[in-house]
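Asks: Pasting a structure below so you can have a look.
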Amino acid sequence: MPDSTAVKKQKNKWMYTKNLLFAFSFFAVAAINDSPGTKSSNSLEQRRPASLSTGILPKVVTKPFMKHTSKLSPPLFTQINSDNREVNEGDVFKLTGTFRASQAMNNVNVKWILPKGVEIINGTVNSQLNSVEAGKKYLFELNLKATTNDNQMIHLVAESRVGDSSFSNSSQFQTQLQKAYDESYERLHQRAKEYISEK
Amino acid sequence: MPLKYSKLSTIKLFMISLIMLLLTSCGFGGGNSQIPSIEGRVSPTFDGPSELAFCSTPLNYGSSVTITGTATYQEREAFDLGGGNNGLGGPSAARPIRYAEVRVLDSSGNVIQCAETNNTGNFSFQVPPSSATHTLQINSRVNNNSIANASVLRAPETNDFYSLTKSFTADTNNDIGNLNAPVTGEILGAAFHILDLIIKANEFLRAEAGSCSSAIVGCNDFVVAPKVSIYWERGYNPNSYLGFPSSGLSFYLPNYSRLFILGGVSGDTDTKDTDHFDDTIILHEYGHFLEDLLSKSDSPGGAHSGQRPIDPRLALSEAWGNFLQAAIIYGPSNASPAYIDTRGNIDGNTGFLLSVPLETASSSCGVSPNIPGCDIPSVAGEGNYREFAISRFFWDIFDTVNDSESVSGGFNEVWASITSGNGYLQANKRFRSIGLVNLLQDDLSDGVSSPVTDWSVARGLAQNRVSNDRFFYGQYLTTGSSCGVRNFNIVPYDDPFEDDGNVPIINGGLKDEFYAPNLFHNSHFYHFIQLSNGPANIELRYQTPSGTESDLDLYLYNESANFGFTPDMEAKDESSPTTAGSGNIETQVLNIPNLEAGHYLINVKVETVNRPSVGDSTDYELYSGGSQLCPTALP
Chain A
41 MPDSTAVKKQ
51 KNKWMYTKNL
61 LFAFSFFAVA
71 AINDSPGTKS
81 SNSLEQRRPA
91 SLSTGILPKV
101 VTKPFMKHTS
111 KLSPPLFTQI
121 NSDNREVNEG
131 DVFKLTGTFR
141 ASQAMNNVNV
151 KWILPKGVEI
161 INGTVNSQLN
171 SVEAGKKYLF
181 ELNLKATTND
191 NQMIHLVAES
201 RVGDSSFSNS
211 SQFQTQLQKA
221 YDESYERLHQ
231 RAKEYISEK
Chain B
372 MPLKYSKLST
382 IKLFMISLIM
392 LLLTSCGFGG
402 GNSQIPSIEG
412 RVSPTFDGPS
422 ELAFCSTPLN
432 YGSSVTITGT
442 ATYQEREAFD
452 LGGGNNGLGG
462 PSAARPIRYA
472 EVRVLDSSGN
482 VIQCAETNNT
492 GNFSFQVPPS
502 SATHTLQINS
512 RVNNNSIANA
522 SVLRAPETND
532 FYSLTKSFTA
542 DTNNDIGNLN
552 APVTGEILGA
562 AFHILDLIIK
572 ANEFLRAEAG
582 SCSSAIVGCN
592 DFVVAPKVSI
602 YWERGYNPNS
612 YLGFPSSGLS
622 FYLPNYSRLF
632 ILGGVSGDTD
642 TKDTDHFDDT
652 IILHEYGHFL
662 EDLLSKSDSP
672 GGAHSGQRPI
682 DPRLALSEAW
692 GNFLQAAIIY
702 GPSNASPAYI
712 DTRGNIDGNT
722 GFLLSVPLET
732 ASSSCGVSPN
742 IPGCDIPSVA
752 GEGNYREFAI
762 SRFFWDIFDT
772 VNDSESVSGG
782 FNEVWASITS
792 GNGYLQANKR
802 FRSIGLVNLL
812 QDDLSDGVSS
822 PVTDWSVARG
832 LAQNRVSNDR
842 FFYGQYLTTG
852 SSCGVRNFNI
862 VPYDDPFEDD
872 GNVPIINGGL
882 KDEFYAPNLF
892 HNSHFYHFIQ
902 LSNGPANIEL
912 RYQTPSGTES
922 DLDLYLYNES
932 ANFGFTPDME
942 AKDESSPTTA
952 GSGNIETQVL
962 NIPNLEAGHY
972 LINVKVETVN
982 RPSVGDSTDY
992 ELYSGGSQLC
1002 PTALP
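So the sequences go chain by chain: A and B. Everything in the first sequence is counted per this note's numbering, starting at 41 for the first residue and increasing by one. Everything in the second sequence is counted per this note's numbering, starting at 372 for the first residue and increasing by one.
Printed below as a string of structure tokens:
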């Protein structure tokens, strides 16, 4: 669990930075589109070539806007959605974890990693999926209450073993910073696309 | 209205300055921020300020004192205790920071001395005697044409490097002790660990291919790789540029000599994926850099998972990276090389994102053939489409642990094959795959025999099954000869994977034909050259002699195409057979009014997903402008 003092300083520094940057945002060269914030902190609907089996299924084959290599993809995917992306002390919020595997698997462990700054209202922290179907979504809900205004990192981890091979993946939700991060990333992506299209 | 970069140079200059100001004022430039810089970033291709000039030339002083010390870093190493208890561990013992730039500043910030750490991390330099406070910097850069050329930098928007710093006075000869880059806090250890891996890679290449010309005619002796810039920041995910900030990614940017290494996600380095201590990932991506600068890759890039047949160009490129990292990390006598990608570390929550053995496919593949890394081909040539079949093949060529084959020490032949100026790098070579590598290796000579080593047994191993026959991918076709009626044959394969209930539905209820297709069985690919700009006509004539008639489609892709990506298709004919039933001659025609001169890929593809049956063995022939296209050696 992150030290509360350090996290508070971290949060304050980020808030200062955010305000400072907002003041300068007028001068940004790229079109800064504040897209409507999504409530997911992960996206399973990524664009991939159709020749790849990921369990993430594009409706049509698309291509990244910039050519690059990619490292090997694991067969497990997780995502966290929240009904509240800026959680304050005392707030009750619901996290919905989604797990999917790109192939059939047995004995998948799915667990929430919770910091001390949240308490469980209801939900199960550890789950075991005895048999997983390829591509099927499995949902894990957790209702939590924030006991601090300090930013808390919550993770959903999925792990499995197939013989002597091990796989895992994780997703993250941040109680105070998630909304800010999501919006910041959206702007960055827009800037990157604009910059590349102009070159 | 959005402002455009290219039209407003003055504003661009202002923006760069603004970005630098923001990153520096917020502590990002100084490496002290716990939150990764996002707002100041623009693009992985950004033309940022030039890197500070390397401090390379020692200065001479008539009167001086000698300052000595040691620079070290710590890393985290992967562990596997069995039973799924694995991941990234705690801090290692201190390792020497080797051949790194040493910069000494006086109290006014002027550079007063340059040096370099040695192979054991020690440094020694002279400065004028002074009681003033000086600053020593050990920087995350190496610039040595006998060792390596690399810089580990924060972001392309700033091009600032990482530094271990210490203040000292120079009133007398002095040993200022040890400077150590740890794995916690700013995780400076990561920057120096990445740097050391690049040095290690160059050392490996010199050992394996430094005098390859004495063993292989025409081999280019390796001395040192060109300069590479490696961008990494604690807690930052480079995939954020690409629109996927929550999915960790490290990548290489072709044509930019830039690696981007995953530093975590949204500031988290203890539970989410990081790659700064994953030697596999760093060296794999460096392998792509070497491909880009010293060899040639035709890979269209993209995601891959070691489960399915993929584009052979991608399969080769990724297999090269897999092989190179294993060769460097494990060495030829290791019986258990692997591809290991970890997540988190022991201070948070950790595990293997995935681990794939590279000598022999996992024992689980017999039961679960589609787990990543199995990639076991069922017939000859299928290995050309499977990343890990090729990885295992390369390993078999290199290692001294011979499993049903007796080849070893073959790295220099791999190197010679993929770097040969009159072979692999020839201008007319396109659609490079393992098939071409094998063909070129067959022609290598030590001045007496050719090939130097017989790779055929290793090629034919059941878990490899790679071929040197270009027919399996990228066979060059040209007109001007006759090669018989319906000289080609394709046997449609009903891949259960393609009938997966999750196949996306597109276009008025039809399933996505390009969802995870079996590229090996149900597609053939040919290299076609349009000699000059002008109209092009390509025709496919096919017949299923008996049984159920198959439905073949015809596509023409551009040279850098991603399979199935419509904008990369110059033309396509997906029409159904005009006369149902086997025995009929069917045609597919591409008429392109103006095709640019260049190299293209003809794809003959079996339609499988939207049909009750994929059909039976089918013979076909191809024509260009009314003349038959026949297999030919490239000129």
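For each residue, glycine too, the CB sits at the ideal point set by N, CA and C. Being a predicted model, the structure only gives us computed values, none of them experimental.
In whole angstroms, give me the CA-to-CA distance for N904 (chain B) and Y928 (chain B).
Replies: Translated into positions along the second sequence, residue 904 (chain B) becomes position 533. Translated into positions along the second sequence, residue 928 (chain B) becomes position 557. Cα to Cα, N904 (chain B) sits roughly 16 Å from Y928 (chain B).
Asks: When DSSP builds the beta bridges, which residues end up paired with M106 (chain A)?
Replies: Counting from one through the first sequence, the residue named residue 106 (chain A) turns up at place 66. The beta-bridge partner set that DSSP reports for M106 (chain A) is empty.
Asks: Within 10 Å of its beta-carbon, does S853 (chain B) have 16 or more other beta-carbons around it, so buried, or fewer, so exposed?
Replies: The residue given as residue 853 (chain B) occupies position 482 in the second sequence. The residue in question, S853 (chain B), is exposed, as its Cβ has fewer than 16 Cβ neighbours within 10 Å.
Asks: Does DSSP put S611 (chain B) in a helix, a strand or coil?
Replies: On the second sequence, position 240 is the one that residue 611 (chain B) refers to. It is helical.
Asks: Which residue spans inside the stretch 804 to 891 of chain B form an unbroken beta strand (DSSP E) run of at least 3?
Replies: 846 to 849, 859 to 861
Asks: Nearest by alpha-carbon distance to G203 (chain A): which of B:G453, B:Y612, B:Y602 is it?
Replies: Taking the first sequence and counting its residues from 1, one reaches residue 203 (chain A) at position 163. Residue B:G453 is the option with its Cα nearest to G203 (chain A).
Asks: What residues from chain B crowd round F207 (chain A), counting only those whose CB sits closer than 9 Å?
Replies: Numbered from 1 along the first sequence, position 167 holds the residue referred to as residue 207 (chain A). What F207 (chain A) touches in chain B: G722, F723, L724, L725, S726, I742, P743.
Asks: Could you check the C-alpha separation between C583 (chain B) and S734 (chain B) for me, to the nearest Å?
Replies: The sequence position of residue 583 (chain B) within the second sequence is 212, counting from 1. The sequence position of residue 734 (chain B) within the second sequence is 363, counting from 1. When rounded, the distance between both Cα atoms is 36 Å.
Asks: With V588 (chain B) as the anchor, note down where its alpha helix (DSSP H) starts and where it stops.
Replies: Here residue 588 (chain B) is taken as the residue at index 217 of the second sequence, counted from 1. Taken as a continuous stretch (DSSP letters only), V588 (chain B) belongs to no alpha helix (DSSP H), as it is neither H nor E.
Asks: Quick check on S995 (chain B): does DSSP put it in helix, strand or coil?
Replies: Residue mapping note: residue 995 (chain B) aligns to position 624 of the second sequence, counting from 1. Looking at S995 (chain B) - three-state DSSP - the assignment turns out to be strand.
Asks: Would you mind listing the beta strand (DSSP E) stretches within the stretch 910 to 990 of chain B that are 3+ residues and don't spill past its ends, in chain order?
Replies: For the stretch 910 to 990 of chain B, whole beta strand (DSSP E) runs of length 3 or above, ordered along the chain, are 923 to 928, 940 to 944, 956 to 966, 969 to 977.
Asks: Going by DSSP, what residues sit across from G137 (chain A) in a beta bridge?
Replies: Along the first sequence, one-based indexing puts residue 137 (chain A) at 97. BP columns for G137 (chain A) point to A:I120, A:F180.
Asks: What separation, rounded to the nearest whole angstrom, lies between the Cα atoms of F842 (chain B) and L890 (chain B)?
Replies: Taking the second sequence and counting its residues from 1, the one referred to as residue 842 (chain B) is at position 471. Taking the second sequence and counting its residues from 1, the one referred to as residue 890 (chain B) is at position 519. Going from the Cα of F842 (chain B) to the Cα of L890 (chain B) covers about 14 Å.
Asks: What would DSSP say about I632 (chain B), mapped onto helix, strand or coil?
Replies: Locating residue 632 (chain B) in the second sequence gives position 261, where the first residue counts as 1. The answer is strand: DSSP assigns I632 (chain B) an E or B state.
Asks: Would you kindly work out how many angstroms separate the C-alpha atoms of N933 (chain B) and K107 (chain A), rounded to a whole number?
Replies: Here residue 933 (chain B) corresponds to residue number 562 of the second sequence, with the count starting at 1. Here residue 107 (chain A) corresponds to residue number 67 of the first sequence, with the count starting at 1. The straight-line gap from Cα to Cα measures roughly 10 Å.
Asks: Residues in the same chain with beta-carbon distance under 6 Å from I805 (chain B), minus the five sequence neighbours each way, listed in chain order, please.
Replies: The count along the second sequence starts at 1 and reaches residue 805 (chain B) at position 434. Contacts found: L687, N755, I761, V837.
Asks: R629 (chain B) and P420 (chain B) look like a contact to me (Cβ under 8 Å); what is the Cβ gap, rounded to whole Å?
Replies: Indexing the second sequence from 1 puts residue 629 (chain B) at position 258. Indexing the second sequence from 1 puts residue 420 (chain B) at position 49. For a cut-off of 8 Å, the C-beta gap from R629 (chain B) to P420 (chain B) is around 15 Å, too long to register as a contact.
Asks: Does any residue of chain A bring its CB to less than 8 Å from the CB of R714 (chain B)?
Replies: Along the second sequence, read from residue 1 onward, the residue named residue 714 (chain B) stands at position 343. Yes, R714 (chain B) counts as interfacial toward chain A.
Asks: I'd like to check one pair, T989 (chain B) with N860 (chain B): are the Cβ atoms closer than 8 Å?
Replies: In the second sequence, counting from the first residue as 1, residue 860 (chain B) sits at position 489. In the second sequence, counting from the first residue as 1, residue 989 (chain B) sits at position 618. Taking 8 Å as the Cβ cut-off, N860 (chain B) and T989 (chain B) qualify as a contacting pair.
Asks: Spell out whether any CB of chain B is found under 8 Å from the CB atom of A232 (chain A).
Replies: What you label residue 232 (chain A) is simply residue 192 of the first sequence in a count that begins at 1. Judged by the 8 Å Cβ criterion, A232 (chain A) is in contact with chain B.
Asks: Is there at least one Cβ from chain B nearer than 8 Å to D172 (chain A)'s Cβ?
Replies: Taking the first sequence and counting its residues from 1, the one referred to as residue 172 (chain A) is at position 132. Position check: residue 172 (chain A) holds Val in this sequence, whereas Asp was assumed. It does not: the Cβ of V172 (chain A) has no partner Cβ on chain B nearer than 8 Å.
Asks: Taking C-beta to C-beta, are E884 (chain B) and G986 (chain B) nearer than 8 Å?
Replies: Taking the second sequence and counting its residues from 1, the one referred to as residue 884 (chain B) is at position 513. Taking the second sequence and counting its residues from 1, the one referred to as residue 986 (chain B) is at position 615. Cβ atoms of E884 (chain B) and G986 (chain B): not closer than 8 Å.
Asks: Taking R801 (chain B) as the query, report the chain A residues whose CB atoms sit under 8 Å from its CB, ordered along the chain.
Replies: Walking along the second sequence from the start, residue 801 (chain B) turns up at place 430. Chain A residues near R801 (chain B): none, gap ~17 Å exceeds 8 Å.
Asks: Should K239 (chain A) be labelled buried (16 or more other beta-carbon atoms within 10 Å of its own) or exposed?
Replies: For the purposes of this step, residue 239 (chain A) is identified with residue 199 of the first sequence, where counting begins at 1. By the neighbour-count rule (16 or more Cβ atoms within 10 Å), K239 (chain A) is not buried but exposed.
Asks: Measuring CA to CA, which of B:Q484, B:F425, B:L725, B:A578 is closest to G744 (chain B)?
Replies: Locating residue 744 (chain B) in the second sequence gives position 373, counting from the first residue. Among B:Q484, B:F425, B:L725, B:A578, the Cα nearest to that of G744 (chain B) belongs to B:L725.
Asks: Check whether chain A comes within 8 Å of A674 (chain B), counting only Cβ atoms and requiring the distance to be less than that.
Replies: Here residue 674 (chain B) is taken as the residue at index 303 of the second sequence, counted from 1. For A674 (chain B), the answer is yes, since a Cβ of chain A falls inside 8 Å of its Cβ.
Asks: Can you give me the start and stop residues for the beta strand (DSSP E) that T536 (chain B) sits inside?
Replies: On the second sequence, residue 536 (chain B) is found 165 positions in, with the first residue counted as 1. Taken as a continuous stretch (DSSP letters only), the beta strand (DSSP E) holding T536 (chain B) covers 534 to 541.
Asks: Leaving out the 5 sequence neighbours to the left and right, which residues in its chain are closer than 6 Å to K943 (chain B) when beta-carbon positions are compared?
Replies: Position 572 of the second sequence, counting from 1, holds the residue named residue 943 (chain B). If we look at K943 (chain B) and ignore the five residues flanking it on each side, its Cβ neighbours are Y926.
Asks: In chain A, what lies closer than 7 Å to V413 (chain B) by C-beta?
Replies: Mapped onto the second sequence, residue 413 (chain B) falls at position 42. The contacting residues are R231, A232, Y235.
Asks: Could you tell me the alpha carbon to alpha carbon distance between E85 (chain A) and L633 (chain B), rounded to whole angstroms?
Replies: In the first sequence, residue 85 (chain A) corresponds to position 45, counting from 1. In the second sequence, residue 633 (chain B) corresponds to position 262, counting from 1. Residue confidence is low: E85 (chain A) scores 30 on pLDDT, short of 50, so the model does not pin down where it sits. Its coordinate-derived value is still stated next. Distance between the alpha carbons of E85 (chain A) and L633 (chain B) is about 21 Å.
Asks: Name, going along the chain, the residues of the stretch 607 to 627 of chain B whose beta-carbon falls closer than 8 Å to a beta-carbon of chain A.
Replies: S611, Y612, L613, G614, F615, P616, S617, S618, L620, S621, F622, Y623, L624, P625
Asks: Taking DSSP as the reference, what is the three-state secondary structure of R525 (chain B)?
Replies: Translated into positions along the second sequence, residue 525 (chain B) becomes position 154. Coil, per DSSP.
Asks: Once DSSP output is grouped into helix, strand and coil, what is the label at H505 (chain B)?
Replies: Sequence index remark: in the second sequence, residue 505 (chain B) carries index 134 (1-based). Looking at H505 (chain B) - three-state DSSP - the assignment turns out to be strand.
Asks: Within 8 Å, do at least three Cβ pairs link the stretch 198 to 212 of chain A to the stretch 445 to 465 of chain B?
Replies: yes
Asks: Would you kindly check if the distance between the Cβ of V498 (chain B) and the Cβ of S435 (chain B) is under 8 Å?
Replies: Stepping through the second sequence from its first residue, residue 435 (chain B) is reached at position 64. Stepping through the second sequence from its first residue, residue 498 (chain B) is reached at position 127. Taking 8 Å as the cut-off, the Cβ atoms of S435 (chain B) and V498 (chain B) count as close.
Asks: Measuring only between beta-carbons, confirm whether V636 (chain B) sits less than 8 Å from chain A.
Replies: Your numbering for residue 636 (chain B) matches position 265 in the second sequence. It does; some Cβ of chain A falls within 8 Å.
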